[in-house]
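Residue numbers in the sequence shown follow our numbering, run continuously in steps of one, and reach 475 at the last position.
First comes the structure, then the notes that go with it.
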Amino acid sequence: MMDHRKYWLETMLKIVNPVFENLSCNSLRKHMPVECHEGLKNDREKYTHLEALGRSLAGIGPWLELEKLDGNEKSEQIRMQNLVLQSIDNATNPKSADYMNFKEGSQPIVDAAFLAVGLRRSYKSIWLNLENKVQEQVIQSFKLLRDRAPFESNWLLFSGVTEAFIQTANGDGDPMRIDYSIRQHEQWYKGDGIYGDGPNFHWDYYNSFVIQPFILQIIEMIPKYDTELFWKRAIRYATVLERLIAPDGSYPPIGRSLVYRFGAFQHLAEISYQGKLENHIKPAQVRCALTAVIQKTMEAGSNFDNDGWLKIGLCGSQPFIGETYISTGSLYLCLCGLLPLGLHPTDSFWSSPDENWTSKSIWSGEENFIDNAIH
101 MMDHRKYWLE
111 TMLKIVNPVF
121 ENLSCNSLRK
131 HMPVECHEGL
141 KNDREKYTHL
151 EALGRSLAGI
161 GPWLELEKLD
171 GNEKSEQIRM
181 QNLVLQSIDN
191 ATNPKSADYM
201 NFKEGSQPIV
211 DAAFLAVGLR
221 RSYKSIWLNL
231 ENKVQEQVIQ
241 SFKLLRDRAP
251 FESNWLLFSG
261 VTEAFIQTAN
271 GDGDPMRIDY
281 SIRQHEQWYK
291 GDGIYGDGPN
301 FHWDYYNSFV
311 IQPFILQIIE
321 MIPKYDTELF
331 WKRAIRYATV
341 LERLIAPDGS
351 YPPIGRSLVY
361 RFGAFQHLAE
371 ISYQGKLENH
381 IKPAQVRCAL
391 TAVIQKTMEA
401 GSNFDNDGWL
411 KIGLCGSQPF
421 IGETYISTGS
431 LYLCLCGLLP
441 LGLHPTDSFW
451 SSPDENWTSK
461 SIWSGEENFI
471 DNAIH
């Protein structure tokens, strides 16, 4: 029987080690490549390092927060916690060689938000263990973004979640940015668990990359919204995502940002981590489904360069499917598909026997549940 947790942990560490090992030593700018569209390196290198930091921490945050580990995994966790603490100082200290760009362009609105989500997901282990001066550096870095407005799309949630984190940390968040992000997405709801990316519906994975996970973060930090309604929609969308995973671990390559690889299932990972799956979906079947997705995307070969950095692609190196806004740092959003590592090894997600996921079960001729929309 496959040791799923060991495989996930090894995958996570292989991906994330270069980011925090370098950033903690102020050598991320020096050593991380900037793979991107030809002719755009001078632009994307302004943003790619904050992308790598924010998305990496958003993915590994729950694991950093997990208590009562032991053995080698505990040792790795302590090592990574220390690397992350130093990395955040370096990233937000204006005198640091790896000080990151919060001042220029729109892209930092995005990745400050991922950093905020990562800090929220690792609040006790990372945020509360940062020195006071580093906490202040982070908050001041976030506030630098207030001179720029997000686009009328999922970007509203980037400003919303960053300000919600500021509000949680020191009570100085901007209530208008928070409230507007939620109210607009209430208006953009399309039905059956799906929100528009702005007023229009898009066939892509942005409900999983950003929209639904960030809504859940905001309503958790700012408890003034109809949480029951948002959770009902979130649980339905997780059910849909689980059904999209084919028997071989592939999934429809629909929409933009496919190079985020198994990060397309961040929302399913989040709902599993929160223990909120629909009653007929067993945690073990999601574990097996996500393992199949990780294997499908990560074992194709050529996913990494010779120094261990991710390369643009969905299934191996496929630079032609990366959009103009994609660069090396963008790719670390894949780590957000590993959120259940924040569940203890004894949790049923990890400890229950293997189960076929819905697609594998149905295409094997097994009995399964009728799928129903929500209204």
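Every residue, glycine too, gets a C-beta built ideally from N, C-alpha and C.
Predicted, not measured: the structure shown is a model, and the values here were computed from it.
Query                                                                                                                                                                : Result
Mapping the DSSP letters down to three states, classify Ile-294 as helix, strand or coil.                                                                            : strand
According to DSSP, is Leu-185 helix, strand or coil?                                                                                                                 : helix
Output yes or no for whether 7 Å exceeds the beta carbon distance between Gly-401 and Gly-422.                                                                       : no
Give the DSSP-derived three-state secondary structure of Leu-377 in the structure shown.                                                                             : coil
Leaving out the 5 sequence neighbours to the left and right, which residues in its chain are closer than 6 Å to Gln-385 when beta-carbon positions are compared?     : Glu-455, Trp-457
Going straight from the alpha carbon of Pro-313 to that of Asn-406, what length do you get?                                                                          : 33 Å
Based on the DSSP secondary-structure assignment, which residues constitute the bridge partners of Leu-410?                                                          : Phe-404
Secondary structure at Cys-415, three-state DSSP: helix, strand or coil?                                                                                             : coil
The alpha helix (DSSP H) with Gly-159 in it runs from where to where?                                                                                                : 148-165
Under 8 Å by Cβ, that's how I've got Phe-242 and Ile-266 pegged, so tell me the actual separation to the nearest angstrom.                                           : 6 Å
Would you mind stating whether Ala-158 and Cys-436 have Cβ atoms separated by less than 7 Å?                                                                         : yes
Can you check the region 208-280 for any alpha helix (DSSP H) of at least 4 residues that lies completely inside it and give the ranges in chain order?              : 232-243, 255-270
Let me know the beta strand (DSSP E) ranges lying completely inside the region 285-357, each 3 residues or longer, listed in chain order.                            : 289-291
Suppose you measure from the CA of Lys-106 to the CA of Ser-451; what does that come to, to the nearest Å?                                                           : 12 Å
Answer yes or no: do Gln-207 and Tyr-147 have a C-beta to C-beta separation smaller than 7 Å?                                                                        : yes
Can you pull the DSSP bridge partners for Ser-427?                                                                                                                   : Cys-136
What is the DSSP secondary structure of His-444, reduced to helix, strand or coil?                                                                                   : coil
State the CB to CB distance for the pair Glu-165 and Ser-124, rounded to an integer number of angstroms; the pair is presumed to be in contact (CB under 8 Å).       : Contact flag wrong, Cβ pair sits at about 19 Å.
By a C-beta neighbour count over all protein chains shown, 10 Å radius and 16 as the cutoff for buried, is Gly-291 buried or exposed?                                : exposed
Counting pairs of Cβ atoms below 8 Å between the region 372-391 and the region 319-328, do you hit three or more?                                                    : no
Asp-471 to Leu-341, Cα distance in whole Å?                                                                                                                          : 12 Å
Measure the alpha-carbon distance for Glu-167 versus Ile-178 and round it to whole angstroms.                                                                        : 11 Å
Is the region 256-266 in contact with the region 185-204, if contact means three or more CB pairs nearer than 8 Å?                                                   : no
Mind checking which residues open and close the alpha helix (DSSP H) that includes His-475?                                                                          : Taken as a continuous stretch (DSSP letters only), His-475 belongs to no alpha helix (DSSP H), as it is neither H nor E.
If we ignore side chains and look at the alpha-carbon of each, how far apart do Phe-251 and Asp-279 end up?                                                          : 15 Å
Could you check whether Thr-424 and His-137 sit closer than 7 Å to each other, using their CB atoms as the reference points?                                         : yes
Asn-117: which of Gly-171, Thr-446, Leu-244, Asn-182 sits nearest, CA to CA?                                                                                         : Asn-182
Identify the continuous alpha helix (DSSP H) that holds Pro-383 and give its terminal residues.                                                                      : 383-398
In terms of residue numbering, what span does the alpha helix (DSSP H) encompassing Leu-109 cover?                                                                   : 104-123
What is the C-beta distance between Met-112 and Leu-438, in whole angstroms, given that I count them as a contact (C-beta under 8 Å)?                                : 5 Å
Please report the residue range of the alpha helix (DSSP H) in which Asn-142 lies.                                                                                   : 141-144
In chain order, what residues of the same chain have a beta carbon less than 6 Å from the beta carbon of Glu-145, not counting five sequence neighbours either side? : Val-134
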